[in-house]
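Just below is one structure, and these are the notes that go with it.
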Amino acid sequence: MTGSARVSFGIWSDRVVAAERLQSDLGESGVHAITVGGDTGTPIECLVVLTQKPQLAPGELATLTRLANRAKITIAIDGHRPGVDDTPPWPRDATLHWGGHYPDLSRVAEALVDLVRPPGLLSTALPAFLPTSTPLPGIPLAAGMHDLIEQLRRPEAPRLVSLTRSLYDELLHAPRARSRNEYDLFRLVRWAAQEKHRPFINTRLTRSEKPSIRPERPRSLDEVLDDLRTRRLVMLLGEPSTGKSQQLRYFDARSALRSIQQQDGGPRAPGSFYVALSAQPSQPDISMEWLARQWSMIADTTRWHDLPTFLADGGTVLLDGLNEGGIRSLPLREWMYRWRDVITQLFETGALKVVVSCRTRDQLIQMREPATEVSLRPLSTDDIVAIATQADPRIARRLKNALAEDARIADLYASPFRLRKFLESGADDIVGTEARLFGLVIVAAILRDLDQDNPHGDLISDSAAARLRAGSVTDDGNPWLELETIPMIKAFAALAKRLTFPTTPGGTARLTMAPSRAIEVLADALAEARYDPAKAPLALDAAKDFDILQEQRGEVRFIHPSLQHLFAASGCTDEEIVALAEQERQSSAHRPAAPHRWSPGRLPPYADHRYGELFKFAAQLRPDVPRLLLRVDPVLAARTYLAAGLDAENGIDEIRATLANSLVDEVQRPRRAAITAALGELGWRLPTPGFRGSEALAVVPAGEWHLGHRDRQGTPEVDTDSETRTVRLGSFRISRFPVSNLEYRTFVEAGGYDDKAWWTPEGWQWVTNSRAVEQSVVEWLRRQNILNRDLSQIVRLLRERRATPASAAALLRFARLSESEIVDYVRSQQDRPIRSPGAWDTPALSNPLQPVVGVSWFEANAFCAWLTDQYGKTVRLPSENEWEAACLHSLGLTDCAAVAGTIGTDFGNTMESGFQATTPIRTYATTTQEVRRLPVEMLGNVFEWNFDYYAPGHHNRRILKGGSWRHEAWRAHPAYRGRGVVDAQNNDVGFRYVMEGADHERR
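For what it's worth, the UniProt record's numbering labels the leading residue of the sequence shown as 1, then goes sequentially.
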């Protein structure tokens, strides 16, 4: 916990013995806990309220209020069951259910530690509200909005505020705001009123660009928008179900509080306006007029501001769901282009900032102005356990053990939406696929409905209900084998298909439907299942009650795209799945590629599929689907096989063989990249010295090589090539492929970063961050001095597209850092030893068969030293002469001057190729290189480290050769000489090696 003056846990209870028992159990866990009374002044990290009373007396509530306002977090341990019972009897940040048995308190103590361990998990920025009919002793009671505002403005920033029940009800249910104060109070109270909003994850954003030399930490959206570096357009990116909407809604409530806390007479903080783009009608109305109508639903424009006035005052607009165009009636890119125009109008009208959320892979277009991009991080294991603990400590312990036993399922529960659905289901089984998880959620919803004697029970047969209730759904725990026999589920699946499948081959889909039309679709499906079609309206009501469908603005839609795709997959026959795959394969060949911009969280275009989630669910429901897709689209077959997760059956060898065979004749680069990426995910390996060693190394023959020559036409920079020279080299062997992520992983997993033996003295200092502060500061000041000698070089880098606006801004900030700021940075780095390459966890660069990037010269050299020990042969980085000769040999040449007339324009992955990421190794390999076992892809994709110094006296700079995916094609020439700082971990730099000796076999 933070703050030495605070204790970790303060326990207040109406049961003295229970409080002492819990204090002792926490102490055994190494946690400092004390019991507290109403008059304590001790600051507390976490207030624990332990009681079994269903209601607290006014005096007890007053004590609780005073204590809660001294703590950072309040956790109740009582009989309330979150998600099952109604609103808790008093506000709290989280609840742990306790049945009153003292022996259970040891488990409660364990749950408390799990719940508060992740730093920043529980939000403490927003207050809770305690409605009461009578004043609490010694506690201010707000009877009107003015009183409430005064309480919220108190200097101590109260965590718990008492107000009359009539005022509370007014704030919850009033139709439209008539003033700024009402607008702010409405948003704040309505957020706090929902129990699920209290334990809020607020520090899970990271910038997609690298705006500073300082180490970036996960940050809240508040902090991002308050940062002076943040541009006025902010893109909030994340994969489905990562909580983008909740982040925006939380910021909206936080903005309301900040506005309220500003005193009258001073400048008012800009307001925010949240808009869910999913509220768009089926025939989109993308315009300022539509936004104005959304505004008028929450603000009385006759008595307060209209939207233009709100914007002119510097309002921030939160647009949730730029990807909501999806596969609806409007093509996604057209949808985004129109919203881009509206965003421009918002700024022209006076908006201070516009924050736009979007699924990472769907952000296809370039905005009219540069944006600050922030990405949502997935939940960590600690986050998952803490959130599960708040819902059900028993399930949390099982989930914690399952995560420890099988790290693969962490990805499944790292989605806030999926985790919440699983916990709400009350299921005991820890499942390993999304399909089974959502299946358990649906079963739980049906059983709750039956237990409450709701009229939807007519839709479930007694025998099906008995099997669901008994839990004997299937022998292997798959609920879908029973669910898919229920006519109501079949009807939901038919509706999902109608909303998901393209209206024409390769076209768009509906996504929403009028309720009357939805009832017709449900009726037809029920009739086909030999069930009463007159029950269709009842089925629609059931879907809403089960939290599967929702109705917005007169249109029916699924509550979440994942549920829609799951039901659609459930309703598809094998033939329909194969037909959709064939349609998509044919239409994608004619569909223009969408512009693809670099983002570290975004998969390259060759690794994505428009209907990927639907095919994934189909494979999880029916493991034979990958085999059926194999004859239509082997790459899609591979992806669906992997997506089947723990439900995947045999067949991987057949898929791998089909992919490898298709690679032989494939010439289209995107398709070759997709095939090779799929092979990498399926465990296919490139040759290495210890695996098919004769194919791993290329022999460069002895001879004379003419190096450094090139036609300068089309080369915008001078003095960037190596010297023109003729050299005679002996025969040597060089790795045919750049070192892949898979090959480098063996070094990481073998403890390569922990063994000093593989590192040069300077490299070991770097990897352990053990260089003296003074030495490091001197080096940073030297770099800063070089930059300050000519700041115009930053502009040149921008014009030459060698720097992005974000990196140029970072250079400018670096140039202005004081010496004390540099010292602080260096000291912060000493506690952060390097454990892997800089791009090791970047999804766009982490396929096993992509070349490893983000490696410094120190790391490349250490890998070679480790490989020397593994094979008993000297392994080293190539000299510049060796690298140029090997590159010429790979092209069948001996003279650099002949390169331009030989390689054409499609020779390697450069900036012009449009991939915006590295391509898997062999994407650009030629038939000759494969047959003759020559080096491949020495031009483009990644710059490669050489052993040589860049120039005499430049001991911290080594030569880089080959060009990369981030740079122009003219740099991808054997004569081009780049320079790299030895400790830089750039995401377009890798390496290959020379091995001396003749033995290919491992010792």
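Glycine included, each C-beta is placed from N, C-alpha and C at the ideal position.
Review point. What does a CB cutoff of less than 7 angstroms around L629 pick up in its chain, not counting 5 residues either side in sequence?
Key: V578, A581, L636, A637, T640
Review point. Are the beta-carbon atoms belonging to M488 and A542 less than 8 angstroms from one another?
Key: yes
**Study point:** With 16 other Cβ atoms within 10 Å as the buried cut-off, status of F310
**Key:** buried
Exercise for review: With E156 as the anchor, note down where its beta strand (DSSP E) starts and where it stops.
Suggested key: That residue, E156, is in no beta strand (DSSP E); it is neither H nor E in DSSP.
Practice item. Please say whether Q390 and A109 have beta carbons closer to each other than 8 angstroms? Key: no
Point to revise | E209 in three-state terms, based on DSSP | key: Residue confidence is low: E209 scores 47 on pLDDT, short of 50, so the model does not pin down where it sits. No coordinate-derived value is stated.
Review point. Would a C-beta distance cut-off of 8 angstroms place L511 and S357 closer than the cut-off?
Key: no
Review point. For the candidate residues R176, I460, L22, whose alpha-carbon lies nearest to that of L538?
Key: I460
Point to revise | Selection from L893, P393, T724, A435 that minimises the alpha carbon distance to L423 | key: It is P393 whose Cα lies nearest to the Cα of L423.
Check your understanding: Taking the DSSP output, what are the residues bridged to I11?
Key -> T35, V48
Review point. Under the three-state reduction of DSSP, which class applies to W705: helix, strand or coil?
Key: Looking at W705 - three-state DSSP - the assignment turns out to be strand.
Check your understanding: If H565 sits next to E613, beta carbons under 8 angstroms apart, how far is it from one beta carbon to the other, in whole angstroms?
Key -> 4 angstroms
Point to revise | Residues of its chain near D988, where Cβ-Cβ distance is below 8 angstroms and the 5 sequence neighbours each way are ignored | key: Result list for D988: V853, T918, V942, F943, S964, W965, R966, H967, in chain order.
Review point. At which residues does the alpha helix (DSSP H) containing D547 begin and terminate?
Key: No alpha helix (DSSP H) holds D547; DSSP gives it neither H nor E.
Review point. Taking DSSP as the reference, what is the three-state secondary structure of F907?
Key: coil
**Study point:** Three-pair Cβ contact test at 8 angstroms for the stretch 655–663 versus the stretch 887–902
**Key:** no
Practice item. Could you tell me the boundaries of the beta strand (DSSP E) in which R671 lies? Key: First-last for R671: 669–681, but that is the alpha helix (DSSP H), not the beta strand (DSSP E).
Point to revise | Nonlocal neighbours in the same chain, by C-beta distance under 7 angstroms from R107, ignoring five residues either side | key: P393
Check your understanding: Out of curiosity, what's the CA-to-CA distance linking S735 and P687?
Key -> 10 angstroms
Check your understanding: Residue range of the alpha helix (DSSP H) that P393 falls in?
Key -> 393–405 is the extent of the alpha helix (DSSP H) around P393.
Exercise for review: Rounded to whole angstroms, what's the CA-CA distance from W780 to S415? Just pull it up for me.
Suggested key: Using only the alpha carbons, I get a separation of about 40 angstroms.
Review point. Using a Cβ-Cβ cut-off of 7 angstroms (strictly less than) and excluding sequence neighbours within five positions of K400, which residues of its own chain qualify?
Key: Residues of the same chain with a CB within less than 7 angstroms of the CB of K400, apart from the 5 flanking positions on each side, are V385 in chain order.
Point to revise | Minimum C-alpha distance to V113 - residue among Q870, F737, L26, E819 | key: If we check each option's Cα against that of V113, L26 comes out closest.
Review point. With a CB to CB cut of under 7 angstroms and the five nearest residues on each side skipped, what residues in its chain are close to R922?
Key: T676, V936
Review point. What whole-angstrom Cβ distance do E704 and T726 have, given they're in contact under 8 angstroms?
Key: 6 angstroms
Point to revise | Assigned secondary structure, H173 (DSSP; H/G/I helix, E/B strand, else coil) | key: helix
**Study point:** Separation of A810 from D222, as counted between CA atoms
**Key:** Cα to Cα, the separation comes out at about 21 angstroms.
Point to revise | Touching by the beta-carbon criterion (3+ pairs, under 8 angstroms), the stretch 867–883 and the stretch 923–933 | key: They do not touch, by the three-pair rule.
Practice item. Return yes when the C-beta of I75 is under 7 angstroms from any heavy atom of the ligand GDP, and no when it is not. Key: In the structure on display, the ligand GDP does not appear, and there are no ligands present to speak of.
**Study point:** Exposed unless 16 or more other CB atoms sit within 10 angstroms - verdict on N946
**Key:** buried
Point to revise | Meets three-Cβ-pair contact criterion under 8 angstroms: the stretch 292–301 and the stretch 236–256 | key: no
Practice item. Figure out for me which residue from L379, W840, D754 has the closest Cα to the Cα of E239. Key: L379
Point to revise | Every unbroken alpha helix (DSSP H) within the stretch 835–864, with a cutoff of 4 residues, ordered by chain | key: Runs of the alpha helix (DSSP H) inside the stretch 835–864: none found.
Exercise for review: Could you tell me the distance, in whole angstroms, from the CA atom of P600 to the CA atom of A643?
Suggested key: Bear in mind that a pLDDT of 47 at P600, under 50, signals an unreliable position, so the number given afterwards is only what the model happens to contain. So the two alpha carbons sit approximately 21 angstroms from each other.
**Study point:** Between the CA atoms of L679 and P634 - distance to the nearest angstrom
**Key:** Cα to Cα, P634 sits roughly 10 angstroms from L679.
Exercise for review: Classify N946 as helix, strand or coil using the three-state DSSP reduction.
Suggested key: strand
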